[in-house]
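Counting from 524, one number per residue, gives the positions in the sequence shown under the working numbering.
Input: a single structure, listed below in C-alpha cells.
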Amino acid sequence: MLAGIMVTLLVGFVWMLVGVIYSRATKDKTQFNLFMINFVILYAITAFTLPLLANLGIVQEFIPLKYMPVKPLTQIPWSDLWKLALLTAPATLTGFAGFFILSFAMRKGSHSVAWGIMQSAIVLPFLTGWLILGDNVKWGNLCGMLIIILSLAILVLGKIASGKNSANTEEKSNNTRDFLILTFVAFLCTGIQQSCTLLPNKADIIFPNTQAFNEAVLAWRIPLGSLGSVITWTIVCLLARIKFSFSQFKNSLLYAVVVWMGHTLFYLAVDILSNYKLSGIAYPLAIGCCIIFFSLFCVIIRHEKLHILEKIGIGVLSLGLFVQALATLF
Numbered sequence: 524m525l526a527g528i529m530v531t532l533l534v535g536f537v538w539m540l541v542g543v544i545y546s547r548a549t550k551d552k553t554q555f556n557l558f559m560i561n562f563v564i565l566y567a568i569t570a571f572t573l574p575l576l577a578n579l580g581i582v583q584e585f586i587p588l589k590y591m592p593v594k595p596l597t598q599i600p601w602s603d604l605w606k607l608a609l610l611t612a613p614a615t616l617t618g619f620a621g622f623f624i625l626s627f628a629m630r631k632g633s634h635s636v637a638w639g640i641m642q643s644a645i646v647l648p649f650l651t652g653w654l655i656l657g658d659n660v661k662w663g664n665l666c667g668m669l670i671i672i673l674s675l676a677i678l679v680l681g682k683i684a685s686g687k688n689s690a691n692t693e694e695k696s697n698n699t700r701d702f703l704i705l706t707f708v709a710f711l712c713t714g715i716q717q718s719c720t721l722l723p724n725k726a727d728i729i730f731p732n733t734q735a736f737n738e739a740v741l742a743w744r745i746p747l748g749s750l751g752s753v754i755t756w757t758i759v760c761l762l763a764r765i766k767f768s769f770s771q772f773k774n775s776l777l778y779a780v781v782v783w784m785g786h787t788l789f790y791l792a793v794d795i796l797s798n799y800k801l802s803g804i805a806y807p808l809a810i811g812c813c814i815i816f817f818s819l820f821c822v823i824i825r826h827e828k829l830h831i832l833e834k835i836g837i838g839v840l841s842l843g844l845f846v847q848a849l850a851t852l853f
C-alpha cells in the first residue's frame, strides 16, 4: 500500500511539472498557440504509434499492453468507430476550451489560484454522477465536495480582497473581475470535459440498437481524442493567422513527455492501490498534491504574492481533495 501511495505522490509531482511547463508557455499568446499545436501533434503521433509498435511486439517490455489499444484500428467496426469519435468529441472540445481560456486567465492574475480553481473542477463530474447518473455517494465524499466548494468561495473573496489592496484600485478591480470570469469559465469547461469522458461508456443508452462498447473499442478513446485536438488547435492557428513553425518544439516535446509520464504513473498507482481496494484515493490525492506543489512553485519560484484568504483557499481546497480520498477508506 505504501508503494501505491508513494507512486500517487509522484503523480502529483509530475502533474505539477505539467502545470509549470504550461504556466511558462502562457506568457505570449502566439507562442502559446504554437506550443499547443506542436504538443497535440506530438501527442497524437505517440497515441497512434505506440499501439502499433506494441501490437508488433516492439515496445511490450517497456509499456504494458493494457495501457493502450490492443486491437488494431482496422479491426474495429466502423459503426462503433464513428460513434466513439462522436462521443469523444464533446470532451475534446470542452477540454480544449478549458486550457485555452485558462491561458488568458493566467495572463491576468495568479497562476496558483487559476490552476487550483481549474483543478477543483472534479466537483462537476461528481455532481453529474450523483444527480444525473444516480451514482451512490458516501457522506465522506459529499463532505469533501462541500469543502472544495467552500474553498472556491474563499479563493474568490481572497482575489477580490487582493484587488482592493492595490494602488490602482479601479484597474485592479477590472483585472480581478476578468480573471475570475475567465478562470471559472475554464473551470466549467474542464468540469464538463471530465463529465463528458463518461459518454463513451454510455453508448448503449445514447444510441438506439447499440451494445455497450467493449474494452477493445474504448481503448481508442485517447488516440481519437488526440486527433480531435490536432484538428481543433489547427483551426485556432488558422483563424489567428499564425504561421506554423517548430519554434516551440523542444518545450512541446518536454510537455508531451511529462503528460505521458503522468498518465502512465497514474495507471500504475491505480493498479497498485487496486490490490488493496484503494484505487479511489488515487485521483483526489494526486490532484491535491499537484495543487500544493504547484502553489509552492508559484510562491517560491514565480514570487507570487497571495492574499491570506487565497492561501487559506488553496489549503482548504487541498483539504477537501484529501477528505475525498480518505472517504474511500470507510
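C-beta: ideal position from N, C-alpha, C; glycine also.
query                                                                                                : result
Through-space distance from residue 827 to residue 602, alpha-carbon basis                           : 51 Å
Assigned exposure category for residue 572 - 16 Cβ within 10 Å defines buried                        : exposed
Three or more C-beta pairs below 8 Å linking the stretch 644-651 and the stretch 701-714             : yes
From 844, 833, 823 and 810, residue whose alpha carbon lies closest to that of residue 530           : 810
Inter-residue spacing [alpha-carbon to alpha-carbon] between residue 757 and residue 566             : 14 Å
Span of the alpha helix (DSSP H), counted from its first residue to its last, around residue 787     : 772-797
Inter-stretch contact at 8 Å, needing at least 3 Cβ pairs: the stretch 609-620 / the stretch 715-727 : yes
Same chain, Cβ closer than 6 Å to residue 585, neighbours up to 5 away in sequence not counted       : Because residue 585 carries a pLDDT of 49, less than 50, the predicted location of this residue cannot be relied on, and no value is offered for it.
Reference residue 629, options 666, 665, 804 and 548, closest by Cα                                  : 548
Inter-residue Cα distance where the pair is residue 802 and residue 763                              : 43 Å
Limits of the unbroken alpha helix (DSSP H) element including residue 491                            : The question about residue 491 has no answer here: the residues shown for the chain are numbered 524 through 853.
For residue 829, three-class secondary structure by DSSP                                             : coil
Where residue 759 falls: helix, strand or coil (DSSP)                                                : helix
Whole-angstrom distance between residue 570 and residue 590, CA atom to CA atom                      : Low local confidence applies: a pLDDT of 49 at residue 590 is under 50, so the model's placement there is unreliable, with the coordinate-based value given in what follows. Each residue's alpha carbon lies about 11 Å from the other.
DSSP-derived helix/strand/coil call for residue 524                                                  : coil
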